[in-house]
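Novice:
Protein chains in written order, with my numbering: chain A, 1 to 351; chain B, 352 to 702.
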């Protein structure tokens, strides 16, 4: 006898960073920004005309698309907005990768990619990064149904330049190439200047990291009109209104405050560089980071042990129990005060 | 030669009600609530502590799940929350309908169902409603991979009682049965009391209609734990954080204000019943509505012509150019003032 239970979804979901069930701890495990969003964002929400919420939001979040396009020197028709960049990425996989051929991405990268492929039944091929965790552009010269490169990459924190993306694009004129740039504002090099040359390039960014708006769920894709139209068709086949009216106004306010954006990003970069040098003094191998997190391993202490010790000090960092990176920690750059606490705790542990 | 263009998504998306590119018109085409959300919702947004937006929202919107569960006399583990009920429905199709057998639903119903089936490659079988547009429970006694019933149904506005849903559930112990209750608060009969008896029942509701929060994107599913867990797995395989932190607080505020909810719903029902009787006086055939809209046809005037005339008076109603219903209009119940304008315009046209 078949049962309704037999027909339920059977899939291994993405596992996010641990959310401890308490409030007083230092959370360096989800790559969140430690600073609040721009005061203009706060003002936009707290003065939002909520009586209008009885109406549906703009289906394409056009006011926000226009604001982003204006900042990037593009047209609003080149911008697609979704409910965080995870939503945009999931729609992009569905909209762009329909060839039946394997999509290529690095073996060490954002761990949601295989989940989306599995969900959407998209075949994929993992391309190993080199022993220093660098993505090699020459490895992406093979038949494929699409390419996605997280740049700067996570959890490695390593960023690559425009020549690298150009090499991948030149090798793949018949596939859509996605540049997942969630962390690019912290010192990475964006592929945005290549959009005019490559109609098969999609650049995906988020307001969750550099704009301190993880709680508001805004991500976007910048691309040529054909790719944007495919994303809109995918969205309109799933959920017509993914971005709410408050998020649209709050996002516009964030874009309007470029000074605040630069200042907080600059502050995080400064703290990151200080943490990098402190960790290296303690003997850690730390990759040069182009992100708001560090990827670090210690030759004498095991990553899960360090992570477990830090938890006893109410400090949460990210450890991935996965091949190749199971002795590394991913440490989000918090405030200077948080990072001082982290350094203090590590000095206790690492003699 | 294959091109990246060949691999883009190819699908006919859901088409929402027209959004005229002007501001001064009467919008009765999207089943929106004409009244603002509760003053408590407005207060919750305008006093929201937006500095916390740098952190991700609660992945399962637990505070809101708890509030809804409390109102419905359920546990928070029986509630799944998504980015509007379209998001919840799309995830439910993916989470529940994996048998490979056809999912059953009426030929006249919410037109997003075939879009989701097409998107997710779920086979489906349309079951004709009778000539008065009634769904017949006995038609759902056949092999299937799931059943979805919009009750009250859209665009017909017809609601059915608990015996009807029980008959469908009794005939389908081996399938998940979804009750899509987007409009139930306007006088329909909810299947919620059946949840304890039927672990294969999922009841899906929205804050977009009766709670005046279409712009905030909140929908939910109430069901047994096994179905809720399947929905969470589907969500965590797509976008871990679909509901933002502002929406969670605003939703809680709406649930807290039961008086306002009852008052505005009551006002809409009163206006609806007045409009029904006025339309019937003009010769319209109007179904008895259990929703915030009417489904009406006129024996002498064609629906597209009436709709076109109303547009010249800046009044937008919904016309579906589809078999069986292409002489019907779906008219959202607005404020009394808006409905007076509608009645005035119709009286001009229908002599």
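Backbone N, C-alpha and C fix where the C-beta goes; we use that ideal spot for every residue, glycine too.
Give every residue of the same chain whose Cβ lies closer than 6 Å to the Cβ of residue 185(A), excluding the five residues on either side of it in the sequence, and list them in chain order.
Specialist: Closer than 6 Å at Cβ, skipping near neighbours: 210 and 265.
Novice: Taking the beta strand (DSSP E) that residue 683(B) belongs to, which residues open and close that run?
Specialist: Per DSSP, residue 683(B) belongs to the beta strand (DSSP E) from 679-683.
Novice: Going by C-alpha distance, which of 620(B), 648(B), 618(B) and 642(B) is nearest residue 632(B)?
Specialist: For residue 632(B), the nearest C-alpha among the options comes from 648(B).
Novice: Taking 8 Å as the cut-off, does the stretch 238-250 of chain A touch the stretch 420-429 of chain B (at least 3 CB pairs, one atom from each stretch)?
Specialist: The stretch 420-429 of chain B, when compared against the stretch 238-250 of chain A, does not touch it at the 8 Å Cβ threshold.
Novice: Looking only at its chain, what residues have a beta carbon closer than 7 Å to the beta carbon of residue 461(B), apart from the 5 residues adjacent to it on each side?
Specialist: Within the same chain, residue 461(B) has close Cβ partners 501, 505 and 531.
Novice: Taking 8 Å as the cut-off, does the stretch 38-53 of chain A touch the stretch 409-420 of chain B (at least 3 CB pairs, one atom from each stretch)?
Specialist: Taking 8 Å as the limit for Cβ pairs, the verdict is that the stretch 38-53 of chain A does not touch the stretch 409-420 of chain B.
Novice: At which residue ranges does the stretch 222-257 of chain A contain complete beta strand (DSSP E) runs of 3 or more residues, listed in the order of the chain?
Specialist: Listed in chain order, there is nothing to give.
Novice: Compare the C-beta of residue 525(B) against all C-beta atoms of chain A and say whether one is closer than 7 Å.
Specialist: At least one chain A Cβ lies under 7 Å of residue 525(B).
Novice: Only counting runs of 3 or more residues, tell me where the beta strand (DSSP E) segments fall wholly within the stretch 60-95 of chain A, in order along the chain.
Specialist: You should have 79-82.
Novice: Please classify residue 542(B) as buried or exposed, where buried requires at least 16 other C-beta atoms within 10 Å of its C-beta.
Specialist: Classification for residue 542(B): buried.
Novice: Quick check on the DSSP output: the alpha helix (DSSP H) that includes residue 294(A) runs from which residue to which?
Specialist: Looking at the DSSP string, residue 294(A) is not in any alpha helix (DSSP H); the run it does join, the beta strand (DSSP E), is 293-297.
Novice: Please check the pair residue 290(A) and residue 187(A), which I expect to be a contact at CB under 8 Å, by giving their CB distance rounded to whole angstroms.
Specialist: The Cβ separation is near 4 Å, so the contact holds.
Novice: Taking residue 610(B) as the query, report the chain A residues whose CB atoms sit under 7 Å from its CB, ordered along the chain.
Specialist: Chain A residues near residue 610(B): none, gap ~18 Å exceeds 7 Å.
Novice: With distances taken between CB atoms, is the gap from residue 389(B) to residue 687(B) smaller than 7 Å?
Specialist: The answer is no: Cβ separation not under 7 Å.
Novice: Kindly list the residues whose CB is nearer than 7 Å to the CB of residue 307(A), restricted to its own chain and excluding five residues on each side of it in sequence; keep chain order.
Specialist: Counting only Cβ-Cβ distances below 7 Å, and skipping sequence neighbours, we find 317, 319 and 329.
Novice: State yes or no: is the C-beta of residue 386(B) within less than 7 Å of the C-beta of residue 563(B)?
Specialist: Against a cut-off of 7 Å, the Cβ pair of residue 563(B) and residue 386(B) comes out as a contact.
Novice: Assuming residue 396(A) and residue 275(A) make a contact with CB atoms under 8 Å, what is their CB distance in whole Å?
Specialist: Since the displayed chain A opens at 1 and closes at 351, residue 396(A) lies outside it and no answer follows.
Novice: Please say whether residue 108(A) and residue 325(A) have beta carbons closer to each other than 7 Å?
Specialist: A contact, by the Cβ cut-off of 7 Å.
Novice: Since residue 531(B) sits in a beta bridge, which residues does DSSP pair it with?
Specialist: DSSP lists 501(B) and 555(B) as partners of residue 531(B).
Novice: Using a Cβ cut-off of 7 Å, pull out every chain B residue sitting near residue 292(A), in sequence order please.
Specialist: Under the 7 Å cutoff, chain B gives no residues; its nearest Cβ is about 11 Å from residue 292(A).
Novice: What does DSSP give as the partner residues of residue 637(B) in its beta bridges?
Specialist: In the DSSP output, where bridge partners are listed per residue, residue 637(B) has 647(B).
Novice: List the residues of chain B whose Cβ lies closer than 7 Å to the Cβ of residue 75(A), in chain order.
Specialist: Under the 7 Å cutoff, chain B gives no residues; its nearest Cβ is about 18 Å from residue 75(A).
Novice: For a quick check, are the C-beta atoms of residue 512(B) and residue 466(B) less than 7 Å apart?
Specialist: Going by C-beta atoms, residue 512(B) is not nearer than 7 Å to residue 466(B).
Novice: Identify each residue in the stretch 45-70 of chain A for which the Cβ-Cβ distance to at least one residue of chain B is less than 9 Å, and report them in chain order.
Specialist: So the list reads 45, 46, 47, 48, 49, 50, 51, 52, 53, 54, 55, 56, 57, 58 and 59, given in the order they occur along the chain.
Novice: Give the residues of chain B in contact with residue 233(A), contact being defined as C-beta atoms less than 7 Å apart.
Specialist: Correct list: 360, 362 and 364.
Novice: Please state the DSSP three-state secondary structure of residue 662(B).
Specialist: Helix.
Novice: So what does DSSP say about residue 316(A), is it helix, strand or coil?
Specialist: Looking at residue 316(A) - three-state DSSP - the assignment turns out to be strand.
Novice: Using CA atoms only, rank isn't needed, just tell me which of 345(A), 350(A) and 273(A) is closest to residue 333(A).
Specialist: For residue 333(A), the nearest C-alpha among the options comes from 273(A).
Novice: Just checking: is the beta-carbon of residue 416(A) within a distance shorter than 7 Å of some beta-carbon in chain B?
Specialist: The structure shown does not extend to residue 416(A), since chain A is modelled only from 1 to 351, so the question has no answer here.
Novice: Of the choices 644(B), 662(B), 663(B) and 636(B), whose alpha-carbon is the least far from that of residue 651(B)?
Specialist: For the residues 644(B), 662(B), 663(B) and 636(B), the minimum Cα distance to residue 651(B) belongs to 636(B).
Novice: If contact means a Cβ-Cβ distance below 7 Å, which residues of the stretch 314-332 of chain A contact chain B?
Specialist: Under the 7 Å Cβ criterion, the stretch 314-332 of chain A contributes no residue.
Novice: When you compare the CB of residue 42(A) with every CB in chain E, is at least one pair closer than 7 Å?
Specialist: Chain labels in this structure do not include chain E; the protein chains are A and B.
Novice: Under 7 Å, Cβ to Cβ, is there at least one residue of chain A near residue 575(B)?
Specialist: Output row for residue 575(B): interface = no.
Novice: So is residue 457(B) buried or exposed if we call it buried at 16+ other beta carbons inside 10 Å?
Specialist: The residue is buried, with at least 16 neighbouring Cβ atoms inside 10 Å.
Novice: Using 10 angstroms around the beta-carbon of residue 132(A), count the other beta-carbons present and answer buried if the total reaches 16, otherwise exposed.
Specialist: Exposed.
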